[in-house]
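For reference, the structure is listed below as structure tokens.
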Amino acid sequence: MTGFWELIEESAGQADRAGWIERRLAARTPAEIVEFDIALTAARRRAETWTVWAAGYRIMSGLCSGDGFWYFLPWLVGLGRDSFDRVVADPDALADVPQVRRLAAMRMDRWTDDDWPEWEALNYVSRQAYDTATGENEGIIDALRALRHEYPEDPAPTGDEWDFDDEAEMGRRLPRLSALFPTGR
0 MTGFWELIEE SAGQADRAGW IERRLAARTP AEIVEFDIAL TAARRRAETW TVWAAGYRIM
60 SGLCSGDGFW YFLPWLVGLG RDSFDRVVAD PDALADVPQV RRLAAMRMDR WTDDDWPEWE
120 ALNYVSRQAY DTATGENEGI IDALRALRHE YPEDPAPTGD EWDFDDEAEM GRRLPRLSAL
180 FPTGR
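Numbering-wise (numbering that gives the first Met the number 0), the sequence shown opens with residue 0 and increments by one.
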């Protein structure tokens, strides 16, 4: 079986990445679909920190609410395993990501829907694939609960919470992103 990260990375370049992953998953066993969902949750949880949220907040000029962060996390996963691991270890490493540097070079009011650093649809691919594979509506929820795994629906960041609008703190914690995305740009 192709693993979680392999599917994520193989989907790069597809016009409809989420649909591509969903179709691949729907052809697998329900257990494999559940494994993918658990792997996605585990990856999200690794990145679900206040400092990663602050990084998204900075890139999006403050337009990264709880929902925005919820959609930003799968976008981070979509960068691929190596970039994702670097960002989890050091959120300021987003300043090295080509997609982020491209956004920094653009005026935010020129970003298209595809430019925004979010990938909400990835949150639902395993749920939809499970429905297709089994014919059960929302059946993955019960399958996950049977494994004592809750289907997450909101971020629960870890680490020290801090004020993302505090410029001195932002500059101290995320110096390269702060330089790349100055306030009021």
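Even for Gly, the Cβ is constructed at its ideal location relative to N, Cα and C. Computed from a predicted structure; not experimentally measured.
Reducing DSSP to helix, strand and coil, say where Thr40 ends up. Assignment of Thr40 by DSSP, reduced to helix, strand and coil, places it in the helix class.
Where Trp161 and Gln98 are concerned, what is the direct C-alpha to C-alpha distance, given to the nearest angstrom? Looking at the two C-alpha atoms, the distance is approximately 26 Å.
Would Asn136 be called buried (16 or more neighbouring beta carbons within 10 Å of its own) or exposed? The residue is exposed, with fewer than 16 neighbouring Cβ atoms inside 10 Å.
Check whether the Cβ atoms of Trp4 and Tyr70 sit closer than 8 Å, and answer yes or no. Not a contact, by the Cβ cut-off of 8 Å.
Continuous alpha helix (DSSP H) stretch holding Met107: start and end: Per DSSP, Met107 belongs to no alpha helix (DSSP H) and is neither H nor E.
Just how far apart, CA to CA, sit Ala178 and Met169? Near 10 Å, if we compare the C-alpha coordinates of Met169 and Ala178.
Assuming Trp49 contacts Asp159 under a Cβ cut-off of 8 Å, what Cβ separation, rounded to an integer in Å, is found between them? Yes, Trp49 and Asp159 are in contact; Cβ-Cβ is about 6 Å, under 8 Å.
When we look at the beta-carbon of Ala30 and count the other beta-carbons within 10 Å, is it buried (16 or more) or exposed? It counts as exposed.
Would you call the CB atoms of Leu176 and Asp91 closer than 8 Å? In this structure, Leu176 lies near Asp91, with their beta-carbon atoms less than 8 Å apart.
For Thr48, list the residues DSSP reports as bridge partners. Thr48 has Thr157 as its beta-bridge partners, per DSSP.
Would Ala53 and Leu173 qualify as a contact pair, given that the criterion is a beta-carbon distance under 8 Å? Inclusion of Ala53 and Leu173 in the CB contact set at 8 Å is warranted, their separation being smaller than that value.
Taking the straight line between their C-alpha atoms, what separation do you get for Asp141 and Tyr150? The straight-line gap from Cα to Cα measures roughly 9 Å.
Can you tell me the Cα-Cα spacing of Trp115 and Phe180, whole angstroms? Taking C-alpha positions only, Trp115 is separated from Phe180 by approximately 14 Å.
Report the option in Glu9, Leu75, Gly55 and Val76 whose CA atom is closest to the CA atom of Gly67. That would be Gly55, whose Cα lies nearest to the Cα of Gly67.
Does the Cβ-Cβ distance between Val76 and Arg43 come in under 8 Å? Here Val76 is near Arg43, since their CB atoms are less than 8 Å apart.
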